[in-house]
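Novice:
2 protein chains.
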Amino acid sequence: MRTYLDCLPCFMNQIVRVGRLLELPEADCLAMLHEFAGRFTEIKLEDPPPKTAIMLYEMISRYSGHNDPFKKIKRESTEKALALYPELKKRVELANAPLNLAAKFAVAGNVIDFGVASQFDLAAEIDRVVDAGAFGHWHEKSFFAALEKADWLLYLGDNTGETVMDRLFIETISKETGTPVTYVVRENPIINDAILEDALAAGLDGCAEIISSGCSAPGTVLDLCSPEFLKLFYDAPLIVSKGQGNYETLSGVDASIFFFLKAKCSVIADHLGVQTGDLVLTKENE
Amino acid sequence: MRTYLDCLPCFMNQIVRVGRLLELPEADCLAMLHEFAGRFTEIKLEDPPPKTAIMLYEMISRYSGHNDPFKKIKRESTEKALALYPELKKRVELANAPLNLAAKFAVAGNVIDFGVASQFDLAAEIDRVVDAGAFGHWHEKSFFAALEKADWLLYLGDNTGETVMDRLFIETISKETGTPVTYVVRENPIINDAILEDALAAGLDGCAEIISSGCSAPGTVLDLCSPEFLKLFYDAPLIVSKGQGNYETLSGVDASIFFFLKAKCSVIADHLGVQTGDLVLTKENE
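These protein sequence lines map, in sequence, to chains A and B.
Everything in the first sequence is counted per our numbering, starting at 2 for the first residue and increasing by one.
Everything in the second sequence is counted per our numbering, starting at 2 for the first residue and increasing by one.
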């Protein structure tokens, strides 16, 4: 997906929001806005937004003085999600259609995202999803049919914390279909996206092989991924892509990708043909 | 009021939104974003946002090729508001407390503002205000007590179209208290703010003396106003200030100013201590 004009002010907004979240002084936030404005002409509208986000979050890391400024926030997200895990696991096990409920929980987990909004309430969002979720393009039948046929599944992770709902979904897939899963994390820290240590903290190593995409953007920019990942990506009979960043970078790519995400902004919602806030499970050209 | 960090991305957003509203090509919108980003370091956080908006809207005018790019939109706003006027007038005349209802209509009219959002529904907003408005700091008693004592009133206008509700409020003031009113417009076109011809189109010359502030910002930046206006401003026993732009530029000024506005963004809402979307009638330090 290209970068739209709306994305440019949104990058600026992310600097302000994330700067505050990391408790950086106002002078630093202003300096970052000035620096980013000074590099505005480097942004290419033909690139997906996560490619530009690399430059943006590299700058934020530099000002914060930390290689992984979201480390503490990520740890808290994982702890919060792990605290919910036993109850969610029980609900899935008792459900009439465990896979369907676990898929919904996995999308609900996508509410965790500091790049788009600073506040979220995971437990409330999960209840909202199950009780009265707004689903746009919820193609679960098509996904489960593809899962039935696939001999393995490539699963592209997104945010830390959401990883715990991914784990529950993958455990349910293993139990119901026995399909082996390879779980993909980012190469280096960016925003609160899951890297290897975050996936391990969520317990994903118990149900999936964990690999890095080789890419450090908050998405999967194929021309920045490792050859090892690309081989798996193009071999995979079925791919689950979690979140907006992966959608922005993989929309239009010719592969069997099902996108699981919450449409958090109007640009993505318009691109998908859904309402902002909708929960989406879709494959392009379905 | 100073410029907050949040205002900087908001300026960028205004370029995108207003550029689309004026149907400028995407390439022009992008060029404006680049030009504005190139001048980012000129923005002074100690200035009120409308002072920066001068540079922004001068640029938009230049790209649009029109001195008054909102002329058509302003004419339509006035026509829509004039179409509602007879019914609103009747409701005020039949009301138990005509001044109170006319004051509410005047604030409801402040929903018309293309700088903040492109779409509005005036009739629906007016009904919402009267039926179930969210009022934050609604100090009407204090205002009407001040009006009782004042021998004349200086009324600072804001958006075109809203001018028609201002007219109804001023006509009601004339009828109920006989207080003469001087109505103030911007010196030159900026966004959809009312200039002399817009005030005349709303019929304000039938109930008030109309003057210009001498300032062409979307607000009342005192150090950019004419000496004639400043004399009136500092002599005025009572001032009505409509809208965010006037609030942003006059908050903190030592004068008897009552602010009538809809809090359209979180920065203004936080500054006022109300919720975004609230309708406000307040005097500072009351």
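The C-beta atom is built at its ideal place from N, Cα and C for all residues, glycine as well.
Bear in mind that the values here come from a model prediction, so they are computed numbers and not experimental data.
Is the CB of Ala264(A) under 8 Å away from at least one CB in chain B?
Specialist: Locating residue 264(A) in the first sequence gives position 263, counting from the first residue. By this cut-off, Ala264(A) is not an interface position.
Novice: Which of the three DSSP states is assigned to Asn160(A) in this structure?
Specialist: Along the first sequence, read from residue 1 onward, the residue named residue 160(A) stands at position 159. The answer is strand: DSSP assigns Asn160(A) an E or B state.
Novice: Once the 5 residues before and after Ala195(B) are set aside, which same chain residues still bring their CB inside 6 Å of it?
Specialist: Residue mapping note: residue 195(B) aligns to position 194 of the second sequence, counting from 1. Excluding residues within five positions, the ones whose Cβ falls inside 6 Å are Gly158, Thr161, Thr164 and Val186.
Novice: Could you name the residues of chain A that Met13(B) contacts, counting a contact when the two beta carbons are closer than 7 Å?
Specialist: One-based indexing of the second sequence puts residue 13(B) at position 12. Near Met13(B) (Cβ distances below 7 Å), the residues of chain A are Leu9, Pro10 and Met13.
Novice: Bridge partners of Asp194(A), per DSSP?
Specialist: Looking up residue 194(A) in the first sequence gives position 193. For Asp194(A), which the question treats as bridged, DSSP gives the partners Asn160(A).
Novice: Residues of chain A with CB under 9 Å from Leu31(B), in chain order?
Specialist: Translated into positions along the second sequence, residue 31(B) becomes position 30. The contacting residues are Leu6, Leu9 and Leu46.
Novice: Is His272(A) close to chain B? Criterion is C-beta to C-beta, closer than 8 Å.
Specialist: Locating residue 272(A) in the first sequence gives position 271, counting from the first residue. So no, His272(A) is outside the interface.
Novice: Select from Ala256(A), Cys226(A) and Leu223(A) the residue whose C-alpha is nearest the C-alpha of Leu239(A).
Specialist: Numbered from 1 along the first sequence, position 238 holds the residue referred to as residue 239(A). Nearest option by C-alpha distance: Ala256(A).
Novice: To the nearest whole angstrom, what separates the beta carbons of Pro51(A) and Cys8(A), a pair I think is in contact under 8 Å?
Specialist: By 1-based counting over the first sequence, the position of residue 51(A) is 50. By 1-based counting over the first sequence, the position of residue 8(A) is 7. Not quite, the Cβ-Cβ distance comes to about 10 Å (not below 8 Å), so this is no contact.
Novice: Identify, in the order they occur along the chain, each residue of the same chain with its Cβ nearer than 6 Å to the Cβ of Leu154(B), setting aside the five sequence neighbours on each side.
Specialist: Here residue 154(B) is taken as the residue at index 153 of the second sequence, counted from 1. The beta carbon of Leu154(B) sits closer than 6 Å to those of Thr180, Val182 and Leu239, all from its chain and outside the five residues before and after it, given in chain order.
Novice: Counting along the chain, where does the beta strand (DSSP E) carrying Thr183(B) start and finish?
Specialist: As a working mapping, residue 183(B) is identified with position 182 in the second sequence. It spans Val182 to Val186 - the beta strand (DSSP E) in which Thr183(B) sits, taken as one unbroken run.
Novice: What is the DSSP secondary structure of Glu210(B), reduced to helix, strand or coil?
Specialist: For the purposes of this step, residue 210(B) is taken as the residue at position 209 of the second sequence. It is a strand residue.
Novice: What's the call for Glu18(A), buried or exposed, on a 16-neighbour Cβ count within 10 Å?
Specialist: Within the first sequence, numbered from 1, the residue matching residue 18(A) stands at position 17. The identity of residue 18(A) in the sequence shown is Arg, whereas the question assumes Glu. Burial call: buried.
Novice: For Ala54(B), would you say it is in contact with chain A, using Cβ-to-Cβ distances shorter than 8 Å as the test?
Specialist: On the second sequence, residue 54(B) is found 53 positions in, with the first residue counted as 1. It does not; no Cβ of chain A falls within 8 Å.
Novice: On the three-pair Cβ rule with 8 Å, is the segment 121-137 of chain A touching the segment 199-213 of chain A?
Specialist: no
Novice: Can you say whether Asp167(B) is buried or exposed, counting buried as having 16 or more other CB atoms within 10 angstroms of its CB?
Specialist: Taking the second sequence and counting its residues from 1, the one referred to as residue 167(B) is at position 166. That one is buried.
Novice: Is the beta carbon of Val130(A) sitting closer than 8 Å to the one on Lys91(A)?
Specialist: Start at 1 with the first residue of the first sequence, and residue 130(A) comes out as number 129. Start at 1 with the first residue of the first sequence, and residue 91(A) comes out as number 90. No, they are not a contact pair.
Novice: What is the DSSP secondary structure of Ile55(B), counted as helix, strand or coil?
Specialist: Mapped onto the second sequence, residue 55(B) falls at position 54. Residue state, collapsed to three classes: helix.
Novice: Run through the DSSP bridge pairs and tell me what Ser242(B) is partnered with.
Specialist: Residue numbering aside, residue 242(B) sits at position 241 when the second sequence is read from its first letter. Answer is Leu157(B) and Phe260(B), bridged to Ser242(B).
Novice: In terms of DSSP beta bridges, what is Phe136(B) paired with?
Specialist: What you label residue 136(B) is simply residue 135 of the second sequence in a count that begins at 1. Per DSSP, Leu280(B).
Novice: Using alpha carbons as the reference points, say which of Val268(B), Asp271(B) and Asp224(B) lies closest to Val254(B).
Specialist: Position 253 of the second sequence, counted from the start, is the residue given in the question as residue 254(B). Of Val268(B), Asp271(B) and Asp224(B), the residue nearest in Cα terms is Asp224(B).
Novice: Assign Ser267(B) to buried or exposed, taking buried as 16 or more other Cβ atoms, counted over all protein chains shown, within 10 Å of its Cβ.
Specialist: Translated into the one-based positions of the second sequence, residue 267(B) becomes position 266. Ser267(B) should be labelled exposed.
Novice: Name the chain A residues that come within less than 8 Å of Glu27(B), Cβ to Cβ?
Specialist: The count along the second sequence starts at 1 and reaches residue 27(B) at position 26. Near Glu27(B) (Cβ distances below 8 Å), the residues of chain A are Leu6.
Novice: Suppose you measure from the CA of Ser252(A) to the CA of Glu59(B); what does that come to, to the nearest Å?
Specialist: Numbered from 1 along the first sequence, position 251 holds the residue referred to as residue 252(A). Numbered from 1 along the second sequence, position 58 holds the residue referred to as residue 59(B). Each residue's CA atom was taken as its position, placing Ser252(A) and Glu59(B) some 38 Å apart.
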